[in-house]
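As structure tokens, the structure follows; a few thoughts come after it.
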Amino acid sequence: MNLLSKLLGKPQAFALDISDTTLQIMEISGGNKGRITSFAHLDIPPGLMENGRILNQEKLAEVIKRALATAKPRPPHEKKIVTAIPESQVFTHHFALDKNIKKEELRKIALQKAGETLPIKLENYIWDIQIMKYNSEKLEVLFAAAEKELVKTYKHTLLLAGVDIAILEPESFALARATINAAKLPPDAIYSILDMGGRSTTLIFINNKGLQLSSSIPIAGNALTQALAKSKSIATDEA
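Quick note: the sequence shown uses our numbering, first residue 2, plus one each step.
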């Protein structure tokens with residue numbers, strides 16, 4: 002399963018957002034000016050997810066089934082989903098290659114370049130590349146990799162829930178596409194997105210060619226809430 006090239010299509014699917022503590026599904030009909038035709042939001046019990054990794058596939062599948070069954074105003078019609086891997090579980094690298102590289106050699110050379118830079122054993126990862134920019138001197142390439150076992154657990158869990166994956170992508174790509182139309186940005190513009198969740202914060206930089214850089218740290222809303230509660234000597238719920 003590729004991580005980037007699958008973004009090119011527009012499959013008939015609904016969106017699934019899974020964090021360590023919550024799950025949301027949404028289906029939209031009618032194109033760019035469509036309406037929400039199915040939505041659900043459920044809490045995920047403790048012990049099922051941790052830092053974007055699925056700890057209990059069977060129980061998480063049951064939560065997904067319950068979300069599908071209770072979605073309003075109706076369950077999704079589609080059985081394929083678009084979902085994302087948390088940024089903390091994805092390695093990305095943006096680098097330049099010789100513009101004269103032959104197309105059939107591009108993936109091999111990109112893999113070699115990534116292997117020299119990323120601190121992982123790439124044979125244990127699913128990876129993909131996306132050409133970001135051509136110019137007179139170089140070819141700019143974005144490389145993304147996710148652990149094979151992690152992808153396997155996502156796919157198996159969703160199959161247990163009765164759905165299949167149409168698109169699986171890094172969370173930063175999903176966020177970038179949902180918030181900014183990169184193609185309409187001025188050539189010299191760079192936009193940033195700060196996404197603060199409960200357990201992690203992600204910073205993304207985008208230009209008119211798409212995502213250029215993303216970084217995630219394990220400090221976010223929960224840590225700020227706990228710090229505020231401690232400083233004010235109040236309960237976490239009050240903070």
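C-beta atoms are modelled at their ideal positions from N, C-alpha and C, and glycine is treated no differently.
Check: May I ask you to report which of helix, strand or coil DSSP gives K81?; Outcome: strand
Check: Report, in whole angstroms, the separation of the C-beta atoms of A115 and L123, which I expect to be a contact under 8 Å.; Outcome: 7 Å
Check: With respect to the alpha helix (DSSP H) encompassing A145, which residues constitute its N-terminal and C-terminal limits?; Outcome: Where A145 is concerned, there is no enclosing alpha helix (DSSP H), although the beta strand (DSSP E) it sits in stretches over 139-148.
Check: Alpha carbon to alpha carbon, what distance is there between P77 and L69?; Outcome: 7 Å
Check: Cβ of A14 within 8 Å of Cβ of F40?; Outcome: no
Check: Between the C-alpha atoms of E141 and A97, what's the straight-line distance to the nearest angstrom?; Outcome: 4 Å
Check: With distances taken Cα to Cα, identify the nearest neighbour of K103 among E88, K139, R75, I86.; Outcome: K139
Check: To the nearest angstrom, report how far apart K231 and T23 are at their CA atoms.; Outcome: 25 Å
Check: Check whether the stretch 172-187 touches the stretch 218-235, taking contact to mean three or more Cβ pairs, one atom from each stretch, closer than 8 Å.; Outcome: no
Check: Who does A41 pair with in a DSSP beta bridge?; Outcome: I26
Check: Under 8 Å Cβ to Cβ from I181, same chain only, skipping five residues before and after it: list those, please.; Outcome: Y192, I194, I207
Check: Buried or exposed, going by whether 16 or more other CB atoms sit within 10 Å of the CB of L151?; Outcome: buried
Check: Leaving out five residues on either side along the sequence, give the residues of the same chain with a beta carbon under 8 Å from the beta carbon of L56.; Outcome: G48, L49, M50
Check: Can you find the residues in the same chain that come closer than 6 Å, C-beta to C-beta, to A146, ignoring five residues on each side of it along the sequence?; Outcome: F92, Y126, W128
Check: For D21, count neighbouring Cβ atoms within 10 angstroms of its own Cβ and tell me buried if that reaches 16, exposed if not.; Outcome: buried
Check: Which whole-angstrom value describes the C-beta separation of L176 and T84, a residue pair presumed to lie in contact below a C-beta threshold of 8 Å?; Outcome: About 13 Å separates the two Cβ atoms, so there is no contact after all.
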